[in-house]
Amino acid sequence: MTALPNALAAPLTGSLAAPLACAELGSLFERLDALRLAAGAHMDRLGLGPQPAPSRVLHEEPGLKLLRYDGGGEGPALLIVPAPIKAHWIWDLAPQCSVVRAALARGCAVHLLQWTSAPAHWGLDEHVDAVARMAQRVAAATGGRPHLLGHSLGGTLSALYAARHPQGPASLVLVESPLCFGEATGALGALVHSLPPGYAQGFTHVPGSLVSLGASLASPDEFITESRQDAWAAALSGPQAWRRHLLALRWTLQELPLPGPLVAQVSDALYREDQFMKGTLVVGGQAVSPRDVRVPLAAIADLRSRVVPAASVTGFVQATASPQPLVLHYGGDVGVSLQHIGALIGQSAHREIWPRVLDWVQEMTAR
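Numbering-wise, this note's numbering puts 171 at position 171 of the sequence shown, and it's gapless, one number per residue.
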């Protein structure tokens, strides 16, 4: 299996000659990050930038901000945990495709953990502890334990928090969050196993575009071919779908660098060794397993996904001690650019899935 540095150098140099050192690779992709941010800024000037609902910063510290959205009511307190690799506003992309606004319309008190550039030493412990601290702040501000909603790696971190602090969240909603690995690892498995253990420790921060390119190499159909097909389908479907596609495309340009220790632990402890499912993962000095998750649990899985196979989500759900978990299947949409984010912004997702999820959250609150 070709090592990752060679695999990434190949598209840029046209050969698989000498591997690039971590520092050289990091510097190269930091420049690419800057170019992508500049392209995103240009799209902003064309009116394709984020259109966030009004919010205020409740708390700020190195690595994160805690936002509280205006316009909510006295309903359930929510804490949204985005994936730390991309911008938080995929949860609030535009008024017609916003989980935040859908929850506000239900009277929920909506909070969001906005990741910023995390300190270089942060690994899983620090990220999970950050989720715990922000959940405590939401509980103090609202008088009740928050319901956690996490997408992708944000959901993984939320699940680890729920396992480490079983009395912390009121419930857990996971949106295409990989947690069960081994045979359920999916397309990223071959990429992870092509790397020497601890490879990412060589980076102070892993540039976001490097992580994105790795995902594209692991599953080019899902991240490249299907995205291009979605562009054609969206253009043929009408202006609303085409605009949503462009808004999602703009979001893909807004990446965050990830601390090397976090990428190394996710890659090795979770993907390579499946430690969480085996009950050998240590978080905050304590071994955790899915059986430690005892809160009500809802999960959204995509049966078509190769990056986050449905089994990676449902295998975890089945292993928890959650009472009567809810599993919903997302079937895809036109005009979402990447199907991995379709469950957050797709038309069918907002018509069929999010009303059920928000109904469920309200039912869990009433218990």
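Glycine included, each C-beta is placed from N, C-alpha and C at the ideal position.
Worksheet item: By Cβ distance, which residues of its chain are closer than 6 Å to A77, with the 5 residues on each side in sequence left out?
Response: A109, V138, T142, G144, P146
Taking only the alpha-carbon atoms, compute the straight-line gap between A39 and T204 and give it to the nearest angstrom. 25 Å
- prompt: With distances taken from CA atoms, which of A241, L153, A170 is nearest C180?
  reply: L153
### Task
Can you grab the Cα-Cα spacing for the pair K278 / S289, in whole Å?
7 Å
Using a Cβ-Cβ cut-off of 6 Å (strictly less than) and excluding sequence neighbours within five positions of R356, which residues of its own chain qualify?
none
| R250 lies in the beta strand (DSSP E); which residues open and close that run? | R250 -> not in any beta strand (DSSP E); alpha helix (DSSP H) instead, spanning 239-252.
Assigned secondary structure, H88 (DSSP; H/G/I helix, E/B strand, else coil):
helix
ask   = If you drop the 5 nearest sequence neighbours on each side, which residues of the same chain put their C-beta closer than 6 Å to that of G335?
value = A234, A241, R244, H245
Hey, could you find the ends of the beta strand (DSSP E) R367 is sitting in? Taken as a continuous stretch (DSSP letters only), R367 belongs to no beta strand (DSSP E), as it is neither H nor E.
Assign T280 to buried or exposed, taking buried as 16 or more other Cβ atoms, counted over all protein chains shown, within 10 Å of its Cβ. exposed
**Study point:** Run of the beta strand (DSSP E) containing D333, from where it starts to where it stops
**Key:** Taken as a continuous stretch (DSSP letters only), D333 belongs to no beta strand (DSSP E), as it is neither H nor E.
Could you give the first and the last residue of the continuous beta strand (DSSP E) run that contains L174?
171-175
Check whether the stretch 100-114 and the stretch 23-43 touch, using three or more Cβ-Cβ pairs below 8 Å as the test.
no
- Query: With which residues is I300 paired in a DSSP beta bridge?
  - Reply: V175, L328
message = Using the three-state DSSP reduction, which class does H350 fall into: helix, strand or coil?
response = helix
> Any idea if E226 is buried or exposed, counting beta-carbon neighbours within 10 angstroms, 16 or more meaning buried?
Replying inline: buried
- Close Cβ partners of A349 (< 7 Å) along its chain, the five nearest in sequence each way excluded: Y330, D333, G342, A343
Between the Cα of G315 and the Cα atoms of R306, A301, S209, G73, which residue gives the shortest distance? A301
| said: According to DSSP, is A109 part of a helix, a strand, or is it coil? | reply: strand
When we look at the beta-carbon of G73 and count the other beta-carbons within 10 Å, is it buried (16 or more) or exposed? exposed
**Prompt:** Residues in its own chain within less than 6 Å of G182 by CB, not counting five upstream and five downstream?
**Reply:** D274
Checking the sheet assignment: what are the DSSP bridge partners for H59? L66
Practice prompt. Quick one: give me the first and last residue of the alpha helix (DSSP H) that I345 is part of.
Written response: 342-345
Within a Cβ cutoff of 6 Å, which residues of the same chain sit near G71, ignoring the five residues on either side of it in sequence? L104
*Can you tell me where the beta strand (DSSP E) with Q286 in it begins and where it stops?*
286-288
Inter-residue spacing [alpha-carbon to alpha-carbon] between A159 and Q254: 25 Å
Only counting runs of 3 or more residues, tell me where the beta strand (DSSP E) segments fall wholly within the stretch 125-190, in order along the chain.
-> 147-151, 171-175
_L262 - DSSP class collapsed to helix/strand/coil_ = helix
Original post:
Could you give the distance in angstroms between the alpha-carbon of P60 and the alpha-carbon of G168?
Top reply: First, the amino acid is wrong: residue 60 is Glu here, not Pro. Their Cα atoms are separated by approximately 21 Å.
Discussion item. Tell me the rounded alpha-carbon separation between A83 and R68.
Written reply: 18 Å
Note to self: Taking 6 Å as the limit between beta carbons, can you name the residues of its chain near L79, skipping five residues before and five after?
What the structure shows: H111, A135, V138, P146, L148
Shortest alpha-carbon distance to S209 belongs to which of R31, A23, C22? R31
**Report entry** At least three beta-carbon pairs within less than 8 Å, the stretch 88-105 to the stretch 116-128
**Finding:** no
Query raised in the report: When the Cα of V173 is compared with those of S237, E24, L326, V211, which residue comes out closest?
Result: L326
### Task
Please confirm whether any heavy atom of the ligand PLP lies closer than 7 Å to the CB of Q324.
Only the bare structure without any ligand can be found here, which leaves the ligand PLP out of the picture.
(request) Assign D359 to buried or exposed, taking buried as 16 or more other Cβ atoms, counted over all protein chains shown, within 10 Å of its Cβ. (result) exposed
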